[in-house]
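Quick note: the sequence shown uses the UniProt record's numbering, first residue 1, plus one each step. All remarks here apply to the structure that follows.
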Amino acid sequence: MSEIEASVDARYLSAGANRYAAAADWGEDGLVAFGADNSVCLWNPANANGISQLLSGHTAHVRAVKFLPLHSSQPPATSYLVSGGDDQGLRVWALDRESGVASQSQVLKDAHSAPINCIATLGNSEGASRGLFVTGAADATVKIWSQDRQNGQISPVQTIKTTKGYLPLALALHQLRGQDEDEDAAFILAVGGTTNSIQIFTASATKGAADTELQFTLQATLPGHENWIRSLDFTREKPLQKDSDILLASASQDKYIRIWRIHKGTALSALNAAGMDISVNALMPGNKIHKIKAGGQGEDSQFCIMFEALLLGHEDWIYTACWAHCASNSSGDNKTSQLQLLSASADNSLSIWQSDPESGIWITVARLGEISREKGATTATGSIGGFWTGLWSPSGNTIATLGRTGSWRRWDYDASEDMWKQNIAVSGHTRAVTGISWSRDGSYLLSTSSDQTTRLHAQWDSKTNNKGYKTWHEMSRPQIHGYDLNCIDSLGPSSFVSGADEKLMRVFTKPKAVAKMLSTLTGISTDTSSDPLPDAANMPVLGLSNKAIDVMLDDDTDLSAQPGVDMGHSNSDREALDPASMVRKSALEIDHPPFEESLSRHTLWPEVEKLYGHGYEISCLAASHDGSLIASACKATSLNHAVIRLFETKGWTEVRPPLMAHTLTVTRLRFSMPDEDGEGGDRYLLSVGRDRQWAVFQRVDGAAEKGEEEAGGGAYKLLQANTKGHSRMILDGAWAPQPTCQQVTGGKKCSSIFATAGRDKQVKIWVQKEDSSSFELALSVAEDNAVTALDFLNRVVEGSAEQQTRLIFLAVGTEGGKLSVLQLGVDNSADGSVVSVTKTLNVGQELWLPKAVTQLAWRPVVLEKKKGAAAGSDEGQGQDKSRRGGDELGIAGEDGSLRIYEFHL
């Protein structure tokens, strides 16, 4: 057996951002970095590729991410990114500016003794050669760090302890003087957090002195806010003038933004510069002047801070306030020549503020986000739930914001129309992805998560990346639930079934509006003329079931005609629908992937059936390949509940009796694959469980004569159970495609193979003996960690004629996030029971997951049309050779990421 590195390309990376205000930053190279669970994601909004890389290294949630500013004199070939989080450590990432590929360059595991909340760096416009940055953590300390410009390594400079009970939540760092390397340097640091005041520190260093000589001292405390400080940001009022005043914006949970002016010189010069009358204005309590000093003697070391403006307009906590990077743009364009401030609030709005050139009053020049009629919508009905962070692009022409759903929203400024237009962004699950399922023809991928959503991912037909591949996007959000979702399987081209932490399963069907949108964007064809599909779906305000509704015309304002809409006459609040989430005809008539508000409101699928029978939460389910049966199991600690229940999909009734074999929770159910001729599918049902055993159930022959075909399309009986399949619980199992078929008297008989994965760090291959119906262990492969996921590619490759073998491929995922593909050789010369590992294809460690792999699913390889296949039938569909250059594997992770890797086997 040989081990080689697999040839793998990441086709799609999806992850929801962490909901922390400091967990994202937009670098000078145009990359957005944001924390997603334990990873740091890199995304370039300028193209449609989505997330380009997930950086693994942190062992807990990432709370703060910041790009270090580039050296002004000579931009290096490498830029740096610093991240921190709940693991209390700092990690430095080096980014190759040419290729955009990042790698970890330094780890400081004990940078703080508590989670790191925020990071601040010097502004990009400040040309200091110093690599200073600051971190604040829940251990009530603020630490100053310095980066060596030669090797990129960082080292501590100073630790500042805050007062008791004062935890820093926001930091801002700026250079007071010393932009030129021939003068002394001075810096100002603002610290805000769990009090209603801002602390101002300053430090100075003589020309040529090392950063380690800097010592920040407390100079002033700025009162005014009435609640915790959430965001701080400095900028120069006139960036092209190095001695111009500095402005500090502070955002708070008191719903207000305050702007402070830092002026070089005495208090009198500050008042004169601001045009204030010292006899009147200076005596007002809000205009108290705070004098600070930054080293040295004389006027050059004296600065004054005074309150400049109070910005009102938000109706909830303000999480972010940041200045536009485009303030130094002298192109003459009205928008980019003005200093602008972006604020993001929990009231679901973004505001862009600008000072009126005549009166000096700060006014809102643009307001983005949800409109007033949609306020009050709950998360269950698709509310964005507020914005946690707002970012300017380096050019100032694009805004990106992060909502509570973990999804990004983006607006680009259109100068010709003088307005902000929304554009596509990235989205993803915010908690562990618990289940994935490809559609039967592989045209789209469904995913479920503990974040209580089901999402549909597909390729956008009209958009290709720089390698000529169609880009992947989230195209629909069929289910937004009130329970954590655990499992999912596709029933056909237009329906699926899912299970959650409840005692029932729910069946959904694709509505016409979504089907038409998918056909336009992805080329997925659905015959909506013959099927009585509903127009769209909506979520009752207090319910869990998506209800079918009719699409409204754009000019229709009468909601009373909609079934379930509460216009004051409904007797049931549970059935009342949210008018804000009604679907209008034009909502999904789009030429781009839907934006976040459409995904969460307009792309729901109606629920058509509920399947009852289990006594506890659903643990796993599987649909037969012909879509006629659903097998399911629930969490169990006794034999009575550890049963497998079968439901037929014609009348949605249970096929009794339930199948009994296990004593504890069943962790995975799998129906056997069809053979190479498309026959013999669903002959067996495999179950594996926490009781360390596996069981194989066989479809009963002659079920039609017994009348069970009408009831359930066939029944199953226990064929074999192995109570000692593994030494610890079995976590997954998978059937191999039929590798050997021999003509025997009375018809065709195939030797079946399946694999099991256990917490005992073993992958075991079980083969059915030709002379009996029992399965025996043929091969055991050891892994470094518990094996949590398995899946066989549903195609067989012919081996060499001399060896008379065929090759099958098994994808393996472990608890440590490792991915590999086992190439198994099956000997055709014997009875098909000789199996060996001919090659192990290991995925590079940079593509591993930071947490356990929860599920694997190969994209189906559609069989070529067989002779006599019905026109338009699934088995008559030929393989779309143009859509893939290799075999694509869907990967679900406990870290909340969903990935599609393409393997060149």
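Every residue gets a Cβ at the ideal spot worked out from N, C-alpha and C, and that includes glycine. Computed from a prediction, not measured in an experiment: that's the story for all the values here.
* Report the rounded CA-to-CA distance for A294 versus I144, giving the unit in angstroms. => 17 Å
* Going by the CB atoms, is the gap between A346 and G386 shorter than 7 Å? -> yes
* Asked: Going by beta carbon distance, what residues of the same chain come within less than 6 Å of N348, once the five residues before and after it are set aside?
  -> G369, E370, I384 and G386
* To do: Taking K470 as part of the beta strand (DSSP E), name the residues at either end of that continuous run.
  => K470 to I480
* Between the stretch 420-439 and the stretch 591-602, do at least 3 Cβ pairs fall closer than 8 Å? -> yes
* T212 versus E783 - alpha carbon distance -> 47 Å
* **K516 in three-state terms, based on DSSP** => helix
* Reduced DSSP category for S600 - H, G, I as helix; E, B as strand; rest coil -> helix
* **Under 7 Å between C-beta atoms of A94 and S231** => no
* Sufficient close CB pairs (3 or more, under 8 Å) joining the stretch 843-855 to the stretch 885-902 -> yes
* Terminal residues of the beta strand (DSSP E) in which D86 lies -> Segment: none, D86 is in no beta strand (DSSP E) and carries neither H nor E.
* L686: which of A15, T756 and K66 sits nearest, CA to CA? -> T756
* For P357, count neighbouring Cβ atoms within 10 angstroms of its own Cβ and tell me buried if that reaches 16, exposed if not. => exposed
* Beta-carbon proximity of R806 to E815, cut-off 7 Å -> no
* Asked: Shorter than 7 Å from the beta carbon of G896 to some beta carbon of chain D?
  -> Although the question refers to chain D, the structure presented lacks it and comprises just one protein chain.
* **Where the beta strand (DSSP E) containing F697 begins and where it ends** => W694 to R699
* Which residues DSSP lists as bridging Y716, in chain order -> R699
* Please report the residue range of the beta strand (DSSP E) in which H290 lies. => H290 to K293
* Asked: Just curious, the beta strand (DSSP E) that H263 is in, first and last residue?
  -> I257 to K264
* Asked: Pick from A400, I753 and D300: whose alpha carbon is nearest that of K769?
  -> I753
* Determine the contact status of Q158 and Q215, defining contact as a CB-CB distance below 7 Å. => yes
* Under the three-state reduction of DSSP, which class applies to T448: helix, strand or coil? -> strand
* To do: Would you please state the rounded distance, in angstroms, between the beta carbons of A111 and G84? I believe it to be under 8 Å.
  => 7 Å
* Go to F508, then tell me how far its beta strand (DSSP E) extends in each direction, as first and last residue. => M505 to T509
* Asked: To the nearest angstrom, how far is it from the Cα of E710 to the Cα of W652?
  -> Because E710 carries a pLDDT of 42, less than 50, the predicted location of this residue cannot be relied on, and no value is offered for it.
* To do: Using 10 angstroms around the beta-carbon of Q53, count the other beta-carbons present and answer buried if the total reaches 16, otherwise exposed.
  => buried
* **Closest Cα partner of K610 within the set A251, E679, G360 and T509** => T509
* What number of angstroms, rounded off, separates the C-alpha of I361 from the C-alpha of H290? -> 22 Å
* Is it buried or exposed for G878, if we count other Cβ within 10 angstroms and need 16 for buried? -> Unreliable placement is indicated for G878, whose pLDDT of 38 sits below 50; the coordinate value is still reported in the next sentence. Exposed.
* Residue from S103, S99 and P76 with nearest C-alpha to residue 943 -> There is simply no residue 943 to check, as the chain begins at 1 and stops at 905 in what is shown.
* Supposed contact pair K635 and Y616 - C-beta distance, whole angstroms, cut 8 Å -> 5 Å
* To do: Check the C-beta distance from V787 over to V826 and give it rounded, since I have them as a contact under 8 Å.
  => At roughly 21 Å, the Cβ-Cβ gap does not stay under 8 Å, so V787 and V826 are not in contact.
* Where does T121 sit, in a helix, a strand or coil, going by DSSP? -> strand
* Asked: Ends of the beta strand (DSSP E) at G390?
  -> F387 to W392
* To do: Give me the Cβ distance between F307 and G178, rounded to the nearest whole Å; I'm assuming they're in contact under 8 Å.
  => About 26 Å; that fails the 8 Å criterion.
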